[in-house]
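This report concerns only the one structure given below.
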Amino acid sequence: MWTTGTVIERIEWNEKLFSLRIKADVEPFIAGQFIKLSQIRDEKRIARAYSVVNPPGKDYIEVLAVAVEDGQLSPDLQALSIGDTIEVSTKAAGFMTLDEIPTGALQGPHLWFLATGTAVGPFISMMETAEPWQRFDKVVLVYGVRLIEDLAYLPQLEALKAKYPTQFIFIPLVTREAYSGGLSCRIPDGLQSGILEQTAGVALNQDNSQVMICGNPGMITDAQTALIEKGLVKNLRRAPGQITVEKYW
1 MWTTGTVIER IEWNEKLFSL RIKADVEPFI AGQFIKLSQI RDEKRIARAY
51 SVVNPPGKDY IEVLAVAVED GQLSPDLQAL SIGDTIEVST KAAGFMTLDE
101 IPTGALQGPH LWFLATGTAV GPFISMMETA EPWQRFDKVV LVYGVRLIED
151 LAYLPQLEAL KAKYPTQFIF IPLVTREAYS GGLSCRIPDG LQSGILEQTA
201 GVALNQDNSQ VMICGNPGMI TDAQTALIEK GLVKNLRRAP GQITVEKYW
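This is the structure:
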């Protein structure tokens with residue numbers, strides 16, 4: 001089902017990357033889930049999924065999007081101004097949630113978030129809740145982008161570092177220009193070389209780690225391969241493991 005949402009705030013990260021806060025009557029969701037935004041064009045509904053960036057309990061939903069030149073919906077989203085309307089799915093969906101992570105002895109003390117681009121959204125939603133900080137001794141966010149200007153939500157991430165100084169480890173990766181605030185490798189390469197573990201000061205292995213991966217399919221495939229080589233296995237409901245994945249397109 002669909003409801004009409006109203007844009008109440010915009011954040012411009014760069015000329016193509018932006019966030020929208022949308023006031024809409026949607027059902028309660030779990031941090032990490034996605035909703036769909038849509039428009040009717042030529043009597044046909046064009047709908048795309050976007051992860052909710054804000055935590056549950058707000059009276060709006062926030063999405064992070066990038067305008068793709070030949071995209072069917074994203075250029076229209078970028079053109080929205082405060083007060084404009086957009087159709088929003090009333091119910092969120094998706095299994096990239098902390099509910100899917102094993103508990104007890106199978107959990108381990110460390111949680112790793114591996115994200116590229118706009119796929120950082122569901123992890124920000126989770127980190128703005130109490131659950132990861134209550135369940136894990138360390139939370140490591142590895143956030144890969146091409147350019148420095150593509151790093152969205154840096155002020156919010158810095159605030160999380162200040163709030164959880166001994167728990168939160170933030171490792172930004174910028175692949176196409178020098179960045180003194182982080183590393184310059186791709187996520188899979190950082191896993192294989194060990195530089196991510198070295199930078200975090202946290203070992204990544206089957207006994208102490210849970211890893212959630214969200215982003216482009218190539219990164220996901222290569223990152224899973226690197227993690228499997230380290231002895232980690234995919235997390236399934238029927239067979240709990242350490243790797244939880246959601247493809248972002």
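With the UniProt record's numbering, the residue at position 157 of the sequence shown is 157, and numbering never jumps.
C-beta: ideal position from N, C-alpha, C; glycine also.
Bear in mind the structure is a predicted one, so any value in this text is a computation, not a measurement.
- Buried is the label assigned to Met212, since at least 16 other Cβ atoms lie within 10 Å of its Cβ.
- Taking the C-beta atoms as reference points, Pro122 is found nearer than 7 Å to Cys214.
- Restricted to the segment 151-193, the beta strand (DSSP E) segments that are unbroken, complete and at least 3 residues in length are 168-174, listed in chain order.
- At the C-beta level, Thr221 and Thr90 stay beyond 7 Å of one another.
- In the same chain as Thr175, and ignoring 5 residues on each side of it, the C-beta atoms closer than 8 Å to its own belong to Gly144, Val145, Arg146, Ser184, Cys185 and Arg186, in chain order.
- By the Cβ criterion, the segment 229-249 is in contact with the segment 200-212, since at least three pairs of Cβ atoms, one from each stretch, lie closer than 8 Å.
- DSSP, read as helix, strand or coil, puts Met96 in coil.
- In this structure the segment 73-90 touches the segment 15-33; the number of beta carbon pairs closer than 8 Å is three or more.
- Distance from the CA of Arg45 to the CA of Leu73, rounded to the nearest whole angstrom, comes to 10 Å.
- Leu236 sits exposed, since fewer than 16 C-beta atoms from the chains shown fall within 10 Å of its C-beta.
- Cβ contact annotation for Asp76 (same chain, cutoff 7 Å, sequence separation greater than five): Gln39, in chain order.
- Distance from the CA of Gln107 to the CA of Ile82, rounded to the nearest whole angstrom, comes to 43 Å.
- If you compare the alpha carbons of Ala31, Pro165, Thr97 and Ala178 with that of Lys58, the shortest gap goes to Ala31.
- Around the beta carbon of Met96, 16 or more other beta carbons lie within 10 angstroms, which makes this residue buried.
- Here Leu173 is near Gly182, since their CB atoms are less than 7 Å apart.
- Under the criterion of beta carbons closer than 8 Å, Lys16 and Val66 qualify as touching, at roughly 5 Å.
- Here the alpha carbons of Pro109 and Phe168 stand approximately 13 Å from one another.
- Counting along the chain, the unbroken beta strand (DSSP E) around Arg10 starts and ends at Trp2 to Glu12.
- Looking at Leu160, Ala115 and Asp150, the one whose alpha-carbon comes closest to that of Pro188 is Ala115.
- Fully enclosed beta strand (DSSP E) runs of no fewer than 3 residues occupy 85-89 and 110-116 of the segment 66-133, in order along the chain.
- Counting along the chain, Ala49 sits inside the beta strand (DSSP E) bounded by residues Lys44 to Ser51.
- If you draw a straight line from the Cα of Val233 to the Cα of Leu154, it comes to about 31 Å.
- For Glu15, the secondary structure class from DSSP, reduced to helix, strand or coil, is coil.
- With a threshold of 16 other beta carbon atoms within 10 Å, Gly104 falls short and is exposed.
- The three-state secondary structure of Leu141, taken from DSSP, is strand.
- Bounds of the alpha helix (DSSP H) holding Gln198 are Ile195 to Ala200.
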